[in-house]
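>
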Amino acid sequence: MKCILVTGGCGFIGSNFVRLLLRALPESRVVNLDKLTYAGNPASLKDVERDPRYKFVQGDICDQDLVAKLFADEQISTVVHFAAESHVDRSISGPAEFIRTNITGTFTLLEAARASWLNHESPATHHPSRFLHVSTDEVYGSLGDTGLFTETTPYDPRSPYSASKASSDHLVSAYHHTYGLPTLMTNCSNNYGPYHFPEKLIPLIINNALGGKDLPVYGDGKNVRDWLYVLDHCAAILTVLQKGEVGQTYNVGGNNEKQNIEIVQTVCDILDQKVGLLPSGQPRRSLIKFVKDRPGHDRRYAIDASKIKNELGWEPSVTFEEGILKTIDWYLENPEWVASVVDGSYQAYYQKMYGGR
Ligand code: NAD
Ligand code: TYD
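Taking the working numbering, the leading residue of the sequence shown gets 247, the next gets one more, and so forth.
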């Protein structure tokens with residue numbers, strides 16, 4: 247059986263992707279390597295943990311010996327690499343872990359793949375190999391009021407997070423061009439959906455709005471992001487894995503640009519309708535609080551996703567209006583998942599990031 251290594255499979259996008267893989271590729275095994283940082287939650291894959299085709303390994307992608315052993319023991323022929331430190335605000339207050347995991351971790355995986363797949367005397371697996379690196383549109387920097395990021399937009403990362411992702415993207419390209427490693431890359435816009443950790447805008451707003459807490463909006467609230475439902479991103483990754491051309495990059499987006507304030511207002515209005523107004527009788531929009539801006543806050547991201555549409559036939563299946571309703575329903579139906587991730591360390595994080603802001 248073909249064995250696919252997914253890194254960071256206990257995170258937001260990774261857990262949704264592991265579930266999709268097990269369903270979509272019944273002839274494959276999946277090994278999930280995840281360190282279980284604050285962002286990793288095995289409960290996000292509770293429904294598949296007994297599947298004999300699924301194996302969880304707790305470990306660090308920077309651990310050379312562990313990664314090499316996994317390639318050999320599990321006959322890994324495909325890597326889908328999600329594991330990363332992923333939150334811009336955390337990268338501003340503590341960049342070191344972003345450099346370690348995002349750059350050194352990607353390097354460690356590339357080296358293991360090179361040693362395992364390009365050693366023609368004793369290849370570890372007879373399946374064709376592929377290394378898909380999951381990246382972000384943030385590597386392209388910040389747009390003004392017009393324009394879209396294409397695959398040829400020059401890199402201009404502006405936060406420690408996006409700079410560390412850009413570095414890892416360059417390493418992936420270099421391994422393709424220099425060694426012929428069969429790599430693929432996706433650069434996607436902001437995701438939202440089930441199992442999203444409530445440090446990111448949409449799940450944080452849902453959680454706070456349900457609890458009657460302040461809804462912190464950075465700066466003037468007019469920064470723009472392109473939002474994509476997470477299962478559409480997962481479908482795009484699977485499409486690139488199966489049909490993408492080795493050495494290529496594919497931009498993935500939702501054709502759905504929104505200002506942050508619009509997102510927050512939409513979440514407030516849907517929750518008012520679904521669970522009623524606040525106990526005070528006020529609508530949830532009354533909780534909106536404009537707070538001090540993020541340093542270096544990128545103004546606008548927007549993706550031109552025509553390459554993946556024209557060449558591979560992928561496009562989003564869910565509109566934002568449908569996706570946000572599904573997402574809010576999921577959070578209403580899964581309060582125990584939220585309670586399990588909003589633990590002591592989250593409270594300390596929240597106090598540090600928002601206390602007195
Ligand atoms: P996440 O923060 O929810 O999950 C990251 C996962 O990686 C966690 O399970 C964590 O435990 C694991 N991890 C962290 N450091 C590790 C290490 N050293 N070794 C092994 N595992 C480690 O992230 P996400 O939002 O699911 O993003 C996944 C990937 O997709 C990232 O590479 C991110 O840059 C990229 N991406 C995210 C978005 C988005 O909107 N969330 C958009 C585009 C691209
Ligand atoms: P985020 O979800 O952190 O994603 P990213 O920074 O990777 O785009 O933030 C999305 C947008 O929402 C971004 O412009 C910052 C803004 N934001 C807030 O206004 N308030 C918040 O509490 C958070 C977490 C984000």
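Positions of the beta carbon are idealized from the N, C-alpha and C atoms, including for glycine.
A quick note: this is a predicted structure, and the numbers were derived from the prediction, not measured.
Between the beta-carbon of D415 and the beta-carbon of V380, is there less than 8 Å?
Here residue 415 refers to the residue found at position 169 of the sequence shown. Here residue 380 refers to the residue found at position 134 of the sequence shown. Not closer than 8 Å, so no.
> Under 6 Å Cβ to Cβ from D391, same chain only, skipping five residues before and after it: list those, please.
Along the sequence shown, one-based indexing puts residue 391 at 145. So no residue of the chain qualifies.
> Let me know the secondary structure DSSP gives R404 once reduced to three states.
Here the question's residue 404 lines up with position 158 in the sequence shown. If DSSP states are grouped into helix, strand and coil, R404 belongs with coil.
> Kindly indicate which residue of V486, F536, E579 and L524 has the alpha-carbon position closest to the one of K555.
Here the question's residue 555 lines up with position 309 in the sequence shown. With distances taken between Cα atoms, K555 lies closest to V486.
> Excluding the 5 residues preceding and the 5 following F443 in the sequence, name in chain order all residues of the same chain whose CB lies nearer than 7 Å to its CB.
Position 197 of the sequence shown, counted from the first residue, corresponds to residue 443. Cβ neighbours of F443 beyond the five flanking positions: F258, A285, P449 and V587.
> As a quick exercise: from R531, M599, L417 and P581, pick the residue whose alpha carbon is nearest that of S290.
Here residue 290 refers to the residue found at position 44 of the sequence shown. Among R531, M599, L417 and P581, the Cα nearest to that of S290 is on P581.
> Go ahead and label D280 buried or exposed: buried means 16 or more other beta carbons lie within 10 angstroms of its beta carbon, across all protein chains shown.
Taking the sequence shown and counting its residues from 1, one reaches residue 280 at position 34. By the neighbour-count rule (16 or more Cβ atoms within 10 Å), D280 is buried.
> Buried or exposed: P562, going by 16 or more other Cβ atoms within 10 Å of its Cβ?
Within the sequence shown, numbered from 1, the residue matching residue 562 stands at position 316. The residue is buried, with at least 16 neighbouring Cβ atoms inside 10 Å.
> At the level of alpha carbons, what is the spacing between T429 and L355?
Taking the sequence shown and counting its residues from 1, one reaches residue 429 at position 183. Taking the sequence shown and counting its residues from 1, one reaches residue 355 at position 109. Cα-Cα distance, rounded: 12 Å.
> Report yes or no: do the segment 487-497 and the segment 456-472 share at least 3 C-beta pairs separated by less than 8 Å?
no
> What is the DSSP secondary structure of E503, reduced to helix, strand or coil?
In the sequence shown, the residue the question calls residue 503 occupies position 257. In the structure shown, E503 sits in a strand (DSSP, three-state: E or B).
> Could you pull out every residue in the same chain whose Cβ sits closer than 6 Å to the Cβ of P493, ignoring the five residues on either side in sequence?
The residue you call residue 493 lines up with position 247 of the sequence shown. With the sequence shown as reference, residue 493 is identified as Gly, and Pro is not the correct amino acid for it. So the list reads H422, once near-sequence residues are dropped.
> Let me check understanding here. Comparing Cα to Cα, which of T253, R299 and L268 lies closest to L312?
Here residue 312 corresponds to residue number 66 of the sequence shown, with the count starting at 1. With distances taken between Cα atoms, L312 lies closest to T253.
> Helix, strand or coil for S332 per DSSP?
One-based indexing of the sequence shown puts residue 332 at position 86. Note: S332 maps to coil in three-state DSSP.
> So what does DSSP say about I549, is it helix, strand or coil?
Here residue 549 corresponds to residue number 303 of the sequence shown, with the count starting at 1. Residue state, collapsed to three classes: strand.
> Beta carbon of E320, beta carbon of V264: below 8 Å?
Walking along the sequence shown from the start, residue 320 turns up at place 74. Walking along the sequence shown from the start, residue 264 turns up at place 18. No.
> Alpha carbon to alpha carbon, how far is D306 from G522? Give it in angstroms, no decimals.
Here residue 522 refers to the residue found at position 276 of the sequence shown. Here residue 306 refers to the residue found at position 60 of the sequence shown. Spanning the two alpha carbons is a distance of roughly 44 Å.
> For the ligand NAD, is there any heavy atom lying closer than 7 Å to the beta carbon of Y563?
In the sequence shown, counting from the first residue as 1, residue 563 sits at position 317. Tyr is not the amino acid found at residue 563; the sequence shown has Ser there. Not so, every heavy atom of the ligand NAD lies at least 7 Å from the Cβ.
> Under the DSSP definition of a beta bridge, which residues are partnered with F536?
Residue mapping note: residue 536 aligns to position 290 of the sequence shown, counting from 1. Note: F536 is bridge-paired with V463 in the DSSP secondary-structure output.
> Looking at C-alpha atoms only, which residue of V498, A585, L517 and E508 is the closest neighbour of L571?
Residue 571 sits at position 325 when you count from the first residue of the sequence shown. Of the listed residues, the one whose Cα sits closest to L571 is L517.
> Grouping DSSP H, G and I as helix and E and B as strand, with all else coil, what is M247?
What you label residue 247 is simply residue 1 of the sequence shown in a count that begins at 1. Correct three-state label for M247: coil.
> Compare the Cα-Cα distances from S410 to each of P440, D383 and L389 and report the closest residue.
Within the sequence shown, residue 410 is the residue found at index 164, counting from 1. That would be D383, whose Cα lies nearest to the Cα of S410.
> Would you identify the three-state DSSP class for I307, choosing helix, strand or coil?
Translated into the one-based positions of the sequence shown, residue 307 becomes position 61. DSSP places I307 in coil when its eight states are reduced to three.
> Is L456 near the ligand TYD, in the sense that its beta carbon is under 7 Å from a heavy atom of that ligand?
Sequence index remark: in the sequence shown, residue 456 carries index 210 (1-based). Checking the Cβ of L456 against the ligand TYD gives no.
> Whole angstroms are fine: how far does the CA of S552 sit from the CA of N287?
Mapped onto the sequence shown, residue 287 falls at position 41. Mapped onto the sequence shown, residue 552 falls at position 306. Near 34 Å, if we compare the C-alpha coordinates of S552 and N287.
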